[in-house]
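Here it is in structure tokens:
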């Protein structure tokens, strides 16, 4: 069936939607290179002054650092939980399997506002309010389902006989997982890890509730400036996060190519 | 393998996480809504606290029920949620279909755009929108240039801004979910329909659309959930008329320092969510049946 | 190298009829034992029970002198070879073979030496050993799988239809190599297959399995000559199986014809097997020969199978080794049934 170009009435609104998605990001990126003091797009002259400003400010750099730490912690928790529950759900048949899977996916269906708001009082009572761990734990509620999705697919595709073979050869369950299963699903685990990392890096709402000034993540640092100070510095800070995200995702795509090889 | 509790052993970290960070806080939240307010003002509880633990009262709920402002906010939240869902589905389905029809390389590019924009900082998107819709931004300049308006429209502080902003934030989910559902359709079925004489339009109506209904249902559900919980766009792109429940929750928690009230509003939000989702569940069941596909766990 | 004993082994998948139904047998140390049966008869399940991948509902498994019934697979010292090889895709062939030694704590030089030695037996070149499984052919992969299962000198080697994915020539060749290696290492082996030719060629003893039960155990010759029960006879490919319809002092009637009653005990309800290779064809009527019409002639290289329709309507297959002139369908023919051609197949299935 030869595929001809899709009809115009379909293409037009779709392209508009895609453009609408992309345009604010591009516009903000464009502004970030402005040499002017105010929010005027760069004309002929492009400058990196705002990026210099951004990297020079301790508060912004602290924000970036906190974001990276939190994201790393969140990814760790997500990987631990997501991979193990994926094994449970794909390699075993037991009552409650469907329920467990649904429960693990549930956090994705809960808006961040509800999660953040519910976790704050608890973190406070536990004395964890203001630690990286609290924010990371909250983020891992979203990371867990993403890792589960990525790893589950890979586990279902691997041949279970290889695991049986390993057991017969003398490897116990832990050795089998470490020496056989894990290497086979490594690319999918990588994809899940990157997804969890990126989600945590850019997450704002839960951070709003759970961060205190010492552990403010970068989105939270940017936040107050969005309401009032529309300085190009904000554009530069946002651009940094976009670039980090972009490179991480590009890494995922390359990893994906390796899986398909 | 037939061991009895090994799978639960594997699942234990997740169970711990879900119980500790989902179930327990949810229970605590409901409990909190029945506490007395702390009367604390500024500075993290100086002169009072966020709430008085151990108390039991319906005060907060009666307060809310009598508060016209609360009902205004709730009304706007529901209205916004439904509008957003409608927009996301109406715009998202054609876009997903369009992407599905693209040749492979363009498909990957289009999907990357959607994913990248979604995963990038939400702030970039909203910030960019604020710039675009701002008084001196390109939209206003264009409108004034064409003579449609004389002065700058306060777009970045209006319902229009909120709707546009939140749609951009939510629609990637819708597009991706519907697209995934379309991808699962066996293309051979469509070829068969065409071979039997159905034109492009009819094969869509009779084959593609029904088979994509489950994904459409899920996409609608997700859009509704996120729409009701809208926070960022109303906060940044809305005037005081456009406050949603989510925004008010944050305000109660951090500005009024009245935690029981924010908890009660949170409970109200969850209940509204649950109610609307349940209302949608029935047609969803019907949609599954109509599509003829087995129900799959997400 | 150890003996293996199964006692009253039972297993059912949840809510279904038993997949393994009261199976008992003993393997001598160093024996190559073939488990023969159609798909779904439970032979793969039986292997998994012996290997410890499934826990039996009842019964015992003993390897060597040890009762291993409750033990996990990794403690049983059994090697398993799968139909789809199940090689570790991320390891080279050599590393695959050395795996069993690695998890047992062998040091690197030791395990590579043993792995290489095992691969020598199976004829894999040095260059092939460095390749990943995806870069090897089906036959090579199966050799690696075999080497992997043998490298750590298991007490029991189990093969689950290992050659089913290979073409005929390769299958025959690997069969020979397996036999050679098994003899050399004296490894007790269970070989599961649905191909009777394979079972006959390989097994020191074979067992026919059906619906979870063992119907007959014996040497290939014994089982072929004296199948116990119609099921076994059918599965072994015997043709000309007819129920006994009448009996007298000296005659037995089957296939609508009356033949000399065999010496063995026979009852109504049993079957008589008239071996095609022992029946004779005659162009003219002969004393004791039964009249019939040639229906079909199938040429099979060294012989031909002629299907004859007797007056009673029964179809008899006769093997013709030298046929100066081929028979044409519709021709009249006479079939002789010598006493040596008749075997009694007892009515009740059972071992």
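Protein chains in written order, with the working numbering: chain A, 146 to 406; chain B, 1366 to 1663; chain C, 16 to 366.
Think of the CB as a built atom: it goes at the ideal place given N, C-alpha and C, for glycine as much as any other residue.
Run of the alpha helix (DSSP H) containing residue i, from where it starts to where it stops
i, result
"residue 211(A)", "203-236"
"residue 1619(B)", "1610-1619"
"residue 1448(B)", "1433-1466"
"residue 250(C)", "245-250"
"residue 298(A)", "277-302"
"residue 1392(B)", "1389-1397"
"residue 308(A)", "305-313"
"residue 1476(B)", "1469-1484"
"residue 342(A)", "327-347"
"residue 54(C)", "Segment: none, residue 54(C) is in no alpha helix (DSSP H) and carries neither H nor E."
"residue 1577(B)", "1574-1593"
"residue 1568(B)", "1565-1568"
"residue 244(A)", "242-250"
"residue 1598(B)", "1597-1602"
"residue 1372(B)", "1371-1383"
"residue 213(C)", "211-217"
"residue 320(A)", "318-321"
"residue 260(A)", "257-270"
Chain-ordered chain A contacts of residue i [CB-CB under 7 Å]
i, result
"residue 118(C)", "314, 315, 316, 320"
"residue 1519(B)", "Chain A residues near residue 1519(B): none, gap ~14 Å exceeds 7 Å."
"residue 1463(B)", "151, 155, 156, 159"
"residue 57(C)", "Here the premise fails: no neighbours, minimum Cβ distance about 18 Å."
Enclosing beta strand (DSSP E) for residue i [first to last residue]
i, result
"residue 356(C)", "Looking at the DSSP string, residue 356(C) is not in any beta strand (DSSP E), and its letter there is neither H nor E."
"residue 39(C)", "35-42"
"residue 293(C)", "Taken as a continuous stretch (DSSP letters only), residue 293(C) belongs to no beta strand (DSSP E), as it is neither H nor E."
"residue 24(C)", "19-26"
"residue 332(C)", "330-335"
"residue 307(C)", "305-314"
"residue 260(C)", "256-262"
"residue 266(C)", "266-269"
"residue 273(C)", "272-275"
"residue 231(C)", "228-233"
"residue 321(C)", "319-325"
"residue 225(C)", "220-225"
"residue 47(C)", "47-51"
Where residue i meets chain A, residues with beta-carbon distance less than 8 Å
i, result
"residue 1541(B)", "Correct list: empty, because the minimum Cβ distance to chain A is about 12 Å."
"residue 60(C)", "Result: empty, since nearest Cβ-Cβ is about 13 Å, beyond 8 Å."
"residue 71(C)", "The premise fails here: residue 71(C) is roughly 17 Å from chain A at the closest Cβ pair, so nothing lies under 8 Å."
From the options, residue whose alpha carbon lies closest to that of residue i
i, options, result
"residue 1629(B)", "1601(B), 1424(B), 1594(B), 1510(B)", "1424(B)"
"residue 158(C)", "99(C), 325(C), 171(C)", "99(C)"
"residue 29(C)", "211(A), 238(A), 218(A)", "238(A)"
"residue 89(C)", "281(A), 311(A), 356(A), 246(A)", "311(A)"
"residue 335(A)", "271(A), 368(A), 288(A), 184(A)", "288(A)"
"residue 73(C)", "80(C), 79(C), 81(C), 64(C)", "64(C)"
"residue 1631(B)", "257(A), 235(A), 277(A)", "257(A)"
"residue 1515(B)", "1524(B), 1455(B), 1500(B), 1523(B)", "1500(B)"
Within chain A, partners of residue i - CB distance below 9 Å
i, result
"residue 163(C)", "310, 314"
"residue 68(C)", "309, 312, 313"
"residue 1537(B)", "166"
"residue 177(C)", "Going along chain A, no residue has its Cβ under 9 Å from residue 177(C), so there is no contact; the nearest lies around 12 Å."
Under 8 Å by beta carbon: chain B residues contacting residue i
i, result
"residue 158(A)", "1456, 1459, 1460"
Contact list for residue i against chain B, beta-carbon separation under 9 Å
i, result
"residue 350(A)", "1487, 1594, 1596, 1597, 1611, 1615"
"residue 341(A)", "Going along chain B, no residue has its Cβ under 9 Å from residue 341(A), so there is no contact; the nearest lies around 11 Å."
What ranges does the beta strand (DSSP E) occupy inside the segment 134-208 of chain C, keeping only unbroken runs of at least 3 residues that lie completely in it? 171-175, 203-208
Report the residue ranges of all alpha helix (DSSP H) runs contained in full by the segment 355-393 of chain A; include only those spanning at least 4 residues, in chain order. 363-372
Using a Cβ-Cβ cut-off of less than 9 Å, give me the residues of the segment 98-110 of chain C that come near chain A, in sequence order. 98, 99, 100, 101, 102, 103, 104, 105, 106
Which ranges does the alpha helix (DSSP H) cover as unbroken runs of at least 4 residues, wholly within the segment 1493-1526 of chain B, from first to last along the chain? 1503-1511
In chain order, what residues of the segment 289-305 of chain A put their CB closer than 7 Å to some CB of chain C? 304
Contact set between the segment 321-336 of chain A and chain C, restricted to residues whose Cβ is under 9 Å from the partner: 321, 324, 325, 328, 329, 331
In the segment 247-276 of chain A, which residues sit with their C-beta less than 9 Å from some C-beta in chain B, listed in chain order? 247, 248, 249, 250, 251, 252, 253, 254, 255, 256, 257, 258, 259, 260, 261, 262, 263, 264, 265, 266, 267, 268, 269, 270
Residue ranges of each beta strand (DSSP E) run of no fewer than 3 residues wholly in the segment 65-116 of chain C, ordered along the chain? 73-78, 93-96
Tell me which residues of the segment 1383-1394 of chain B have at least one Cβ-Cβ distance to chain A shorter than 7 Å, keeping chain order. 1383, 1386, 1387, 1389, 1390, 1391, 1393, 1394
Tell me which residues of the segment 275-299 of chain C have at least one Cβ-Cβ distance to chain A shorter than 7 Å, keeping chain order. none
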